[in-house]
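Keeping their order, the protein sequence lines are chains A and B.
Residue numbering for the first sequence is 301 to 355, as defined by the numbering used here.
Residue numbering for the second sequence is 83 to 820, as defined by the numbering used here.
Backbone N, C-alpha and C fix where the C-beta goes; we use that ideal spot for every residue, glycine too.
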Amino acid sequence: MDILYLLIPFSVLLVLALLAVFAWALNSGQFDDLQREGERILADDGPALDRHQAP
Amino acid sequence: MDASLQAPGARSARGRGRVDPRLAGTAQTSLRIGGMYCAACADVIERALLREPGVVEARVSAAAQVAMVRWDPERIQAGQLADAIRRAGYDASPDTAASARAARKSEARTALWRLFVAVFCAMQIMMLAAPAYFTDPGELAPEYKKLLDWGSWFLTLPVLCFCAAPFFARAWRSLRQRAIGMDVPVSLGIAAAFVASTGAAFEPGGVFGNEVYFDSLTMFISFLLGGRFLEMRARHQAESALDDATSGLPQRVMRVAADGTVQPIALAELRVGDRVQVPYGEAFPADGVILEGSTSADESLLTGESRPLAKRPGDAVIAGSLNLAAPVSMHVERVGADTRYEAIAALTRAARTLRPAVLASADRWAGPFLWSVLLLAAIAGVAWSFIDPTRTVWVVVSVLIVTCPCALSLAGPSALLAAAGAMSRRGLVLRDLDAIAALTRVQTLFIDKTGTLTRSAPMCAGVQGLASDDPDIALELGRRASSLAAWSHHPLSTAIQTAFEGDGAVWSDLQELPGLGVAANDLDRCPWRLGAPTWAAPGWPGGGPDTQVILARNGVALAAFRFDEHLRDDAEAAVASLQADGVQVRLLSGDDPLRAERVGALLGLDSARGGLAPEDKLAAVRAAQERGEFVAMVGDGVNDAPVLAQADVSFAMGDGAQVARTQADGVLVSNRLADLVRARALARKTLRVVRQNLAWAALYNASCVPLALLGLLPPWAAGLGMATSSLFVVSNSLRLAR
Chain A
301 MDILYLLIPF SVLLVLALLA VFAWALNSGQ FDDLQREGER ILADDGPALD RHQAP
Chain B
83 MDASLQAPGA RSARGRGRVD PRLAGTAQTS LRIGGMYCAA CADVIERALL REPGVVEARV
143 SAAAQVAMVR WDPERIQAGQ LADAIRRAGY DASPDTAASA RAARKSEART ALWRLFVAVF
203 CAMQIMMLAA PAYFTDPGEL APEYKKLLDW GSWFLTLPVL CFCAAPFFAR AWRSLRQRAI
263 GMDVPVSLGI AAAFVASTGA AFEPGGVFGN EVYFDSLTMF ISFLLGGRFL EMRARHQAES
323 ALDDATSGLP QRVMRVAADG TVQPIALAEL RVGDRVQVPY GEAFPADGVI LEGSTSADES
383 LLTGESRPLA KRPGDAVIAG SLNLAAPVSM HVERVGADTR YEAIAALTRA ARTLRPAVLA
443 SADRWAGPFL WSVLLLAAIA GVAWSFIDPT RTVWVVVSVL IVTCPCALSL AGPSALLAAA
503 GAMSRRGLVL RDLDAIAALT RVQTLFIDKT GTLTRSAPMC AGVQGLASDD PDIALELGRR
563 ASSLAAWSHH PLSTAIQTAF EGDGAVWSDL QELPGLGVAA NDLDRCPWRL GAPTWAAPGW
623 PGGGPDTQVI LARNGVALAA FRFDEHLRDD AEAAVASLQA DGVQVRLLSG DDPLRAERVG
683 ALLGLDSARG GLAPEDKLAA VRAAQERGEF VAMVGDGVND APVLAQADVS FAMGDGAQVA
743 RTQADGVLVS NRLADLVRAR ALARKTLRVV RQNLAWAALY NASCVPLALL GLLPPWAAGL
803 GMATSSLFVV SNSLRLAR
């Protein structure tokens with residue numbers, strides 16, 4: 301069970317890392333206009349498919 | 083080129099600490115977009131902007147209908163940005179509400195960030211706390227428990243220092259002002275729980291015992307932040323709706339000069355009498371009349387009328403409404419502060435800052451309430467330290483947290499604000515929130531005739547020369563009267579002005595006497611009067627109830643004007659439903675008694691009195707008040723202003739005189755009397771909701787505080803209960819806003 305001494309501090313650090321990811325998403329404005337992000341797929345001409353995506 | 087576009091308040095692109103080389107030396111501008119109907123429009127606009135050389139970044143928010151553009155001042159000018167948007171088929175204007183919107187955005191981001199950190203950490207702490215809940219006493223080895231407690235403590239730190247910081251800051255601020263606020267017991271509860279748990283985590287079995295409350299503490303903070311986040315969202319929605327309503331005027335106006343050329347001028351340069359072209363999709367810049375072209379207009383922000391209204395030449399349009407169908411040209415009649423649009427905007431701004439009596443009374447006893455909570459918590463602490471010392475902290479924290487004076491103090495104002503918002507969308511803008519309660523108590527409604535029961539714009543049906551029957555002379559007199567009438571805003575003056583073109587006579591010593599007419603001297607210092615027959619030509623025997631206005635020189639009657647007046651379309655139905663509702667409707671008019679009685683009989687009013695001067699109207703209202711009746715007044719003119727101020731609650735018509743609007747408690751911007759009936763029904767519902775809210779808050783506190791004192795309510799349940807009780811009150815009130 302000594303592994304707990306490693307795993308619990310590790311999980312705490314992981315929480316902090318996840319918080320940092322969320323902070324980046326929030327500050328880059330990803331949560332400012334949720335309605336539009338949902339409708340983006342319906343936009344008529346998005347960026348063209350690149351060679352790997354094209355059939 | 084637009085002056086306000088040239089000076090975009092260019093902020094340097096340097097963010098905090100970090101400089102993106104791409105953004106160095108760029109300016110940032112916020113543009114309000116017109117003509118967006120769906121989220122897909124945002125992409126079109128963004129691409130149109132990005133095609134312009136010199137645009138570094140363009141982001142369009144579909145919800146706010148605003149474009150944020152970052153551009154290089156050396157390669158492009160701000161005016162070209164707006165042009166690019168216009169070429170894409172939309173309209174762009176400088177965003178005057180940008181700073182308020184930016185403030186809201188950063189507030190929303192911070193609130194979401196605090197909420198996320200609190201919830202995420204609380205979930206992790208709950209996982210670390212789970213072993214303690216699921217094992218039997220003694221089964222969990224002390225060193226593992228210690229490890230888990232330390233982990234919890236570490237994750238509590240960001241919640242305490244960052245997420246709960248606003249509570250501590252507000253509590254400290256209210257303590258420094260020697261007041262006690264909601265945040266004081268909350269902060270005390272948080273601090274007590276943290277100190278006790280920290281002691282237990284680092285020195286198990288010490289003064290603070292073995293129990294840690296990190297999970298309860300962080301969950302409580304999360305619930306509280308969640309409740310405040312939802313409240314903030316509702317507030318932001320209301321504010322941005324208000325911004326939309328008050329930033330609708332175009333900044334540039336296309337004025338048609340006398341020779342037919344069109345030149346763009348700033349809105350502030352627009353004058354009464356100008357002729358302007360209003361492009362399709364843009365807002366009408368002023369109140370006025372359509373001259374050429376047919377279109378439809380969206381007046382929903384101003385009158386609550388949701389259907390587009392057809393507008394043909396001769397129809398009135400109001401500033402701030404949108405031209406939906408085709409370009410038209412219009413004649414400007416009122417600009418700036420005189421427009422209905424400005425009046426509504428000013429009223430709404432005022433209503434946002436006022437404090438109704440209900441709110442003041444709630445604040446008055448929130449203080450004693452909070453002191454008794456602190457006292458109860460102290461007593462509970464002492465009592466439980468004798469009964470069961472291990473649970474003392476737990477009970478004290480629960481008591482501090484569970485009490486919810488905010489549900490009590492939100493009960494009234496949240497309902498009143500929601501109801502006022504709903505009313506303003508349906509055509510009644512309130513200047514005073516106390517009018518809602520007053521509206522339900524109305525027993526007698528005094529109502530003015532001209533402009534209130536009848537349409538404000540009577541039509542001049544004809545002029546009759548009194549000295550001779552020659553129609554040319556009569557026309558000449560009509561034109562003379564029109565140039566005198568141009569100095570008055572009385573509906574009858576407006577009708578004369580509309581019917582005859584002024585002859586350009588020069589007047590001096592102009593005087594407008596409320597309820598009588600206009601008096602002025604011509605160039606020969608000969609006195610002219612246009613107005614009530616008995617005043618303009620005291621000795622003149624002629625006329626009858628149908629002669630309302632005569633033109634007189636030196637006391638000699640020269641011409642008589644006939645008017646047709648139309649009852650407002652909904653007057654009859656509105657009066658009938660008010661009477662069915664138990665309200666006596668009485669007519670007070672400055673107009674001829676016979677005409678007043680005729681309208682009274684037509685509508686089935688309880689009484690109708692005509693020929694009243696403003697003092698007489700005032701006396702009639704005072705008499706009713708002395709009889710103990712609760713009196714409402716609806717009026718529109720200058721002569722109604724003192725009566726509107728005297729009545730217990732008063733409403734002015736939206737197209738009435740400005741002085742009447744400023745004296746009234748509310749303005750019927752829709753000019754529909756039926757909206758008053760609907761508002762009364764809504765006001766009743768509002769008071770019912772306020773009573774529900776108060777009952778709920780009282781019941782909640784009365785049942786939860788004893789439970790907490792008895793030690794039956796753990797801190798996390800206390801936090802949940804408190805957040806729910808506030809949310810219940812707010813969402814119950816928001817039912818009214820629909």
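| Check | Outcome |
| --- | --- |
| Residue from SER304/B, LEU307/B, GLY281/B and VAL417/B whose Cα sits closest to the Cα of ALA348/B | VAL417/B |
| Simplified DSSP state of VAL354/B, which is helix, strand or coil | coil |
| is_contact[LEU318/A, chain B] using C-beta, thresh 8 Å | yes |
| Closest Cα partner of ALA706/B within the set LEU229/B, ASP730/B and ARG141/B | ASP730/B |
| Contact the region 605 to 614 of chain B vs the region 632 to 639 of chain B: 3+ CB pairs below 8 Å | yes |
| Three-state secondary structure assigned by DSSP to TRP195/B | helix |
| Whole-angstrom distance between ARG523/B and GLY672/B, CA atom to CA atom | 27 Å |
| Rounded C-alpha distance that separates MET735/B from ALA723/B | 12 Å |
| Terminal residues of the beta strand (DSSP E) in which SER862/B lies | Chain B is shown only over 83 to 820; residue 862/B falls outside these bounds and no answer can be derived. |
| Listed by chain order, chain B residues near PHE331/A by CB distance under 7 Å | LEU194 |
| Proximity below 8 Å, CB of GLY308/B to CB of ALA365/B | no |
| Assigned exposure category for VAL464/B - 16 Cβ within 10 Å defines buried | exposed |
| is_contact[VAL321/A, chain B] using C-beta, thresh 8 Å | no |
| Cβ shell of THR192/B (< 6 Å), same chain only, five flanking positions each side left out | none |
| Residues from the region 286 to 312 of chain B in contact with chain A, defined by Cβ distance under 8 Å | none |
| Residue environment, TYR215/B, which counts as buried when at least 16 other CB atoms sit within 10 Å | exposed |
| Any C-beta of chain B under 8 Å from that of ILE341/A | no |
| Short CB-CB distance (under 8 Å) between PHE284/B and chain A | no |
| Exposure of HIS572/B, with buried meaning 16 or more beta-carbon neighbours within 10 Å | buried |
| Inter-residue Cα distance where the pair is TYR305/A and MET209/B | 16 Å |
| The alpha helix (DSSP H) enclosing ARG820/B, as first and last residue numbers | Looking at the DSSP string, ARG820/B is not in any alpha helix (DSSP H), and its letter there is neither H nor E. |
| Contacts of LEU304/A in chain B (Cβ-Cβ under 9 Å) | TYR226, LEU229 and LEU230 |
| 8 Å Cβ cutoff, ALA716/B in contact with chain A | Sequence check: residue 716/B is Val here, not Ala. For VAL716/B, the answer is no, since every Cβ of chain A falls outside 8 Å of its Cβ. |
| Continuous beta strand (DSSP E) stretch holding TRP324/A: start and end | Per DSSP, TRP324/A belongs to no beta strand (DSSP E); it is in the alpha helix (DSSP H), 304 to 327. |
| Secondary structure of GLN774/B, DSSP reduced to three states | helix |
| Helix, strand or coil at ARG650/B [DSSP, three-state] | coil |
| Cβ-based burial, GLU248/A [other Cβ within 10 Å; buried from 16] | Because chain A spans 301 through 355 in this model, residue 248/A falls outside it and cannot be assessed. |
| Simplified DSSP assignment, three categories, for GLN259/B | coil |
| Minimum length 3: unbroken beta strand (DSSP E) runs contained in the region 503 to 579 of chain B | 510 to 512, 526 to 529 and 541 to 547 |
| Proximal residues to LEU391/B (C-beta, below 7 Å), its chain only, five neighbours per side dropped | SER378, ALA379 and GLU381 |
| Own chain partners of GLY220/B with C-beta closer than 7 Å, once the 5 adjacent residues on each side are dropped | none |
| Exposure of ARG196/B, with buried meaning 16 or more beta-carbon neighbours within 10 Å | buried |
| Neighbouring residues, chain A, relative to CYS243/B (Cβ below 7 Å) | Within 7 Å Cβ-Cβ: nothing; CYS243/B doesn't reach chain A, min ~13 Å. |
| Closer than 8 Å at the beta carbon, the chain A residues around LEU237/B | VAL312 and VAL315 |
| Among GLU225/B, ALA639/B and ASN603/B, the one whose alpha carbon lies nearest that of GLY547/B | ALA639/B |
| is_contact[LYS767/B, chain A] using C-beta, thresh 8 Å | no |
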